[in-house]
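Residue numbers (my numbering): 4 to 116.
By construction, the Cβ of each residue, glycine as well, lies at the ideal position given by its N, Cα and C atoms.
Written out below as structure tokens is the structure these notes cover.
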């Protein structure tokens with residue numbers, strides 16, 4: 004029930020507000036149809052600095068099928084956990100102590116994120 008834990012969601016939202024990059028790309032073949040969104044065909048901006056009117060325009064472009072939108076949060080090095088995965092694991096007390104279920108619990112955290 005990670006998605007229902009208000010304190011955990013608050014931690015994750017705060018982290019994303021500070022660290023996430025709002026990324027928009029044009030959907031292939033939609034350049035002409037979505038000309039009014041051309042400013043966002045290859046757009047990256049820190050979420051914390053994006054004015055609400057710009058975010059709304061990007062989401063309108065997504066809803067119209069012209070833009071694909073994602074949040075990017077740092078680079079994940081092979082063999083390491085994403086900072087949000089660490090937050091989730093720490094919040095619910097999951098850590099690798101070489102117990103039989105620890106690997107599975109770690110995967111649950113990864114799936115959750």
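Review point. Taking the continuous beta strand (DSSP E) assigned at residue 45, which residues delimit it?
Key: 45-49
Check your understanding: Alpha carbon to alpha carbon, how far is residue 100 from residue 89?
Key -> 15 Å
**Study point:** Whole-angstrom distance between residue 46 and residue 86, CA atom to CA atom
**Key:** 24 Å
Point to revise | Classification of residue 31 by the beta-carbon crowding that lies within 10 angstroms, buried from 16 upward | key: exposed
Check your understanding: At what residue ranges does the region 36-114 contain a whole run of the alpha helix (DSSP H), taking only runs of 4 or more?
Key -> 55-66, 86-95
Review point. For residue 59, is the classification buried or exposed, using 16 other Cβ atoms within 10 angstroms of its Cβ as the cut-off for buried?
Key: exposed
Check your understanding: How is the alpha helix (DSSP H) around residue 16 delimited, first residue to last?
Key -> 9-22
**Study point:** Neighbourhood of residue 112 by C-beta distance below 7 Å, restricted to the same chain and skipping five residues each side
**Key:** 88, 91, 92, 97
Review point. CA-CA distance, residue 110 and residue 6?
Key: 16 Å
**Study point:** Between the CA atoms of residue 49 and residue 57 - distance to the nearest angstrom
**Key:** 12 Å
**Study point:** Proximity test, residue 112 beta-carbon vs the ligand COA heavy atom, cut-off 7 Å
**Key:** Here there are no bound small molecules, and the ligand COA is not part of this structure.
Check your understanding: Within this structure, are the beta carbons of residue 72 and residue 37 separated by less than 8 Å?
Key -> no
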